[in-house]
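>
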Amino acid sequence: MKYTILRILLVACFIGVIGCDNDAYLERQPQNIIGDEQLWNDPDLIQSLLANYYDRLPSLHGVFNVGGMTEIDDAMWSGHNDQNWRNDFQYGYDYGRYWDYGFIRDINLALDNLEEFSTEIDVEERNLFGAELRFIRTFVYFEMVKRMGGVPLVTEQLIYDYSGNPEYLQIPRSTEAEVYDFIYTELEAIKDDLAGNNGSQTRANYYTALALESRAMLYAGSLARYNNLMDNPITLPGGEVGIPAGRANEFYTRSLAATQEILQNGNYSLYDENPDRGMNFYEMLMDKTSNEVIFAKDFQNSLKTHGFTYENIPRSLTEDNEYPTNLTPSLNLVESFDYLDGSDGELRITDANGTPIVYDELTDIFANKDARLYGTVIYPGTTFRSTPVGLQAGVAVWNGSDYSYETSQNLGSTYEDGGLWTGADGPQDNAQFVSNTGFYIRKFLSNASGASLRGVASENWWPWFRLGEIYLNGAEAAFELGQAETATGYINTLRERAGFPANSIASVTMEDIRNERRVELAFEDHRFFDLRRWRIAHEIWDGDENSEQAVVYGLYPYRIVRPGHPDDNHYIYSRMRPTRFRRARLFRLGNYYASIDQGVLNNNPKLVRNPYH
Numbered sequence: 001m002k003y004t005i006l007r008i009l010l011v012a013c014f015i016g017v018i019g020c021d022n023d024a025y026l027e028r029q030p031q032n033i034i035g036d037e038q039l040w041n042d043p044d045l046i047q048s049l050l051a052n053y054y055d056r057l058p059s060l061h062g063v064f065n066v067g068g069m070t071e072i073d074d075a076m077w078s079g080h081n082d083q084n085w086r087n088d089f090q091y092g093y094d095y096g097r098y099w100d101y102g103f104i105r106d107i108n109l110a111l112d113n114l115e116e117f118s119t120e121i122d123v124e125e126r127n128l129f130g131a132e133l134r135f136i137r138t139f140v141y142f143e144m145v146k147r148m149g150g151v152p153l154v155t156e157q158l159i160y161d162y163s164g165n166p167e168y169l170q171i172p173r174s175t176e177a178e179v180y181d182f183i184y185t186e187l188e189a190i191k192d193d194l195a196g197n198n199g200s201q202t203r204a205n206y207y208t209a210l211a212l213e214s215r216a217m218l219y220a221g222s223l224a225r226y227n228n229l230m231d232n233p234i235t236l237p238g239g240e241v242g243i244p245a246g247r248a249n250e251f252y253t254r255s256l257a258a259t260q261e262i263l264q265n266g267n268y269s270l271y272d273e274n275p276d277r278g279m280n281f282y283e284m285l286m287d288k289t290s291n292e293v294i295f296a297k298d299f300q301n302s303l304k305t306h307g308f309t310y311e312n313i314p315r316s317l318t319e320d321n322e323y324p325t326n327l328t329p330s331l332n333l334v335e336s337f338d339y340l341d342g343s344d345g346e347l348r349i350t351d352a353n354g355t356p357i358v359y360d361e362l363t364d365i366f367a368n369k370d371a372r373l374y375g376t377v378i379y380p381g382t383t384f385r386s387t388p389v390g391l392q393a394g395v396a397v398w399n400g401s402d403y404s405y406e407t408s409q410n411l412g413s414t415y416e417d418g419g420l421w422t423g424a425d426g427p428q429d430n431a432q433f434v435s436n437t438g439f440y441i442r443k444f445l446s447n448a449s450g451a452s453l454r455g456v457a458s459e460n461w462w463p464w465f466r467l468g469e470i471y472l473n474g475a476e477a478a479f480e481l482g483q484a485e486t487a488t489g490y491i492n493t494l495r496e497r498a499g500f501p502a503n504s505i506a507s508v509t510m511e512d513i514r515n516e517r518r519v520e521l522a523f524e525d526h527r528f529f530d531l532r533r534w535r536i537a538h539e540i541w542d543g544d545e546n547s548e549q550a551v552v553y554g555l556y557p558y559r560i561v562r563p564g565h566p567d568d569n570h571y572i573y574s575r576m577r578p579t580r581f582r583r584a585r586l587f588r589l590g591n592y593y594a595s596i597d598q599g600v601l602n603n604n605p606k607l608v609r610n611p612y613h
């Protein structure tokens, strides 16, 4: 009984204490939860949220997506056989699908909270944060429209009222043109508020908005022009897919205006720090003082690293990875780089009679090539980190009338004449973790110590926008608007940086512009979308097993073994199709717009399917 009385007294005292200081106890702010008023009035916390959203910006083959980069014609997969499906697939109708309204909702919610709760921070700073959120949302809508066509434009939170009728939440698709118009209008509205970030290359600023304008409006102009030049234009009755041809010049004009404002008023310049043109191009994306980069994802600032170098460094140079070398560039890409005399970039492998051309040095076949080739690809006879990359497929032994090609399964092995047999870095056909094409990638491959170590990895940044692209956007828009002289000037400026003589092209053609985009922007997530917007992807990747474009090819160097002959210990090359590349790329008309997921269609009956799906 006495214990029961004691418990009652203790409870009574406890209640009394609470009652005496109810405000102090029950209304204390929790120590582990940040409230809306606290978050939206603290610039550091808002920047942390923005950092998360910048980190979520989408790409397809970009942001060091090794696998994605091997799914077009610029490279193939040479890594683990489990992923050899990348060399043996057709583009599915869901390829490139992006439909992220969860992210759109997060941004819309953040904009509402910024408006409601940010009462204590400077108005100019609040407007800057709001403009950054709207830039990110605009970027997301561009990624959706260029893959899906017209999508629902949702610019405020959709909140369910629990009435049992969700129809008011089911927003139909806007037309493709309306989404591009929205992108333009938004960027024009926010660009001045972004000027406070003009010193930053990792947060959206005035010129970042113009760079997105330059790119997006070029895409819209291309779609208006080239889709309508097809025998059967790809459209939907409601305009969700298909932009009227009459709007092409309007979009090109918007793109050119944004481009020219960047070139004339932006504090950017083409990187030109190293007189070695090839190394200059490589260093342009590695040097974080580069004034060419307008907007980048910086892995050092984001306190994390990426594994691009770990996954792709030449086999003999890896620091602790026994499974390197996944992405290996194609001969197709290498031959798209012209010679400095202006001749076509096809390599001279055989003479007119089909006899192999003998080269004194491994690099001689690449002599006088566009310097961007060196900055993009590690080819035979070159180095990385000042160390030779051992690329030699085998030996070509003279048998009295012809050459017999002999290879070794042991990389770095010695032939019976005491010379190198097969190089430490291959190439080796039908092998894993060594180049199957005869090339390694240099672009984006970090030369920093430890970059290919598992626990260190790489800190180099990913360029969302850089001046090289802006020149190309301007050249294309100007050309399409009939301003050939302006277009030619922009292209020649880029080519001169790459080692070509001044005014190397007298009058640029659309084919010149397309090839310049391929070589300047290789592996920067442009080629797939460029071929789509020009409506030539189905012609390039036509599924033909004998195609020069739909099939990935390689180039194998062989050391000549012919004792007593002047050609002994010199080199010949063989063009080949890697065994692991099993199926020609096939892009169908239905791939010009990715399919909408069936679950999304089920949830919103107001949505219409894309053509051919």
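Counting from 1, position 174 in the sequence shown corresponds to residue 174 in the UniProt record's numbering; the numbering is continuous, with no gaps. We put the beta carbon where it would ideally sit given N, CA and C, even for glycine.
#1: What is the DSSP secondary structure of P58, counted as helix, strand or coil?
#2: By the DSSP assignment, the alpha helix (DSSP H) with K146 in it spans what residues?
#3: Which residues share a DSSP beta bridge with W398?
#4: A396 and Y184 - do their beta-carbons sit closer together than 9 Å?
#5: Could you name the residues of the same chain whose beta carbon sits closer than 8 Å to that of R86, not counting the 5 residues immediately before and after it, in chain order?
#6: Are there 16 or more other CB atoms within 10 angstroms of the CB of Q38, so buried, or fewer, so exposed?
#7: Using 8 Å as the Cβ pair cut-off and three pairs as the minimum, do the region 139–155 and the region 168–188 touch?
#8: Identify the residues that DSSP records as bridge partners of P388: which are they?
#9: For the ligand GDP, I want to know if I159 counts as a neighbour, meaning its beta carbon is within less than 8 Å of at least one of the ligand's heavy atoms.
#10: Considering only the beta carbon of each residue, do Y379 and V334 sit closer than 9 Å?
#11: DSSP on I596, reduced to helix/strand/coil?
#12: Figure out for me which residue from E156, Q47 and E120 has the closest Cα to the Cα of Y101.
#13: Cα separation between F479 and N473?
#14: Can you find at least 3 beta carbon pairs, one from the region 370–385 and one from the region 434–443, that sit closer than 8 Å?
#15: Determine, using beta carbons only, whether A537 and F581 come nearer to each other than 9 Å.
#16: Compute the Euclidean distance between the alpha carbons of L303 and D112, then round it to the nearest angstrom.
#17: Under 9 Å between the Cβ atoms of K191 and L210?
#18: Could you please give the first and the last residue of the uninterrupted beta strand (DSSP E) stretch that includes F295?
#19: For the beta strand (DSSP E) that contains S574, what are its first and last residues?
#20: Strictly by DSSP, which residues pair up with R105?
#21: Quick one: residues in its chain with C-beta nearer than 6 Å to the C-beta of E120, no 5 flanking neighbours on either side, listed in chain order?
#22: Provide the residue(s) that pair with S214 in DSSP beta bridges, ordered along the chain.
#23: Enumerate in chain order the residues of its own chain whose CB-to-CB distance from T414 is below 7 Å, with the five nearest sequence positions on each side excluded.
#24: Rounded to the nearest angstrom, what separates L49 and Y310 at their Cα positions?
#25: With a threshold of 16 other CB atoms inside 10 Å of the CB of E143, please say whether the residue is buried or exposed.
#26: I'd like the span of the alpha helix (DSSP H) that includes T259, first residue to last.
#27: Just to confirm the assignment, what range does the alpha helix (DSSP H) spanning I470 have?
#28: So, F251 versus W464, is the Cβ gap smaller than 9 Å?
#29: Can you name, in chain order, every residue of its own chain whose Cβ lies under 7 Å from the Cβ of R247, other than the five neighbours on each side?
#30: Which of the three DSSP states is assigned to L303 in this structure?
#31: How many whole angstroms separate the CB atoms of E283 and L467, which I take to be in contact at a CB cut-off of 8 Å?
#32: Below 8 Å on the Cβ atoms is my guess for R527 versus N321; work out the distance and round it to an integer in Å.
#33: Could you check the C-alpha separation between V519 and S330 for me, to the nearest Å?
#34: With DSSP run on the structure shown, which of helix, strand or coil describes D44?
Short version:
#1: For P58, the secondary structure class from DSSP, reduced to helix, strand or coil, is coil.
#2: Unbroken alpha helix (DSSP H) run through K146: V123 to M148.
#3: W398 has Y403 as its beta-bridge partners, per DSSP.
#4: Their beta carbons are not under 9 Å apart, which means Y184 does not touch A396 by this criterion.
#5: So the list reads G67, T70, E71, M76 and W77, once near-sequence residues are dropped.
#6: Of the other Cβ atoms in all chains shown, fewer than 16 fall within 10 Å of the Cβ of Q38; this residue is therefore exposed.
#7: They touch, by the three-pair rule.
#8: The beta-bridge partner set that DSSP reports for P388 consists of T383.
#9: As for the ligand GDP, it is missing from this structure, which has no ligand bound.
#10: The Cβ-Cβ distance between Y379 and V334 falls below 9 Å.
#11: Secondary structure at I596: coil, using DSSP grouped into helix, strand and coil.
#12: It is E156.
#13: One alpha carbon belongs to F479, the other to N473, and they sit about 10 Å apart.
#14: Yes: the two stretches touch, three or more of their Cβ pairs being nearer than 8 Å.
#15: Cβ distance not < 9 Å, so A537 and F581 don't count as in contact.
#16: When only Cα atoms are considered, L303 and D112 end up about 29 Å apart.
#17: Taking 9 Å as the Cβ cut-off, K191 and L210 qualify as a contacting pair.
#18: Per DSSP, F295 belongs to the beta strand (DSSP E) from V293 to K297.
#19: Here the beta strand (DSSP E) through S574 covers Y571 to M576.
#20: In the DSSP assignment, R105 forms no beta bridge with any residue.
#21: N41, listed in sequence order.
#22: Per DSSP, none; premise fails for S214.
#23: Closer than 7 Å at the Cβ level, and outside the excluded window around T414, lie L420 and W421.
#24: If you draw a straight line from the Cα of L49 to the Cα of Y310, it comes to about 30 Å.
#25: Counting every other CB atom within 10 Å of its CB across the protein chains shown gives E143 a total of 16 or more, marking it as buried.
#26: For T259, the enclosing alpha helix (DSSP H) begins and ends at A248 to N265.
#27: Taken as a continuous stretch (DSSP letters only), the alpha helix (DSSP H) holding I470 covers L467 to E480.
#28: Cβ distance not < 9 Å, so F251 and W464 don't count as in contact.
#29: So the qualifying residues of the chain are A177 and A224.
#30: Collapsing the DSSP output to three states places L303 in coil.
#31: Contact flag wrong, Cβ pair sits at about 15 Å.
#32: That belief does not hold up - the Cβ atoms of R527 and N321 are roughly 28 Å apart, past 8 Å.
#33: Going from the Cα of V519 to the Cα of S330 covers about 12 Å.
#34: D44 falls in the helix class under three-state DSSP.
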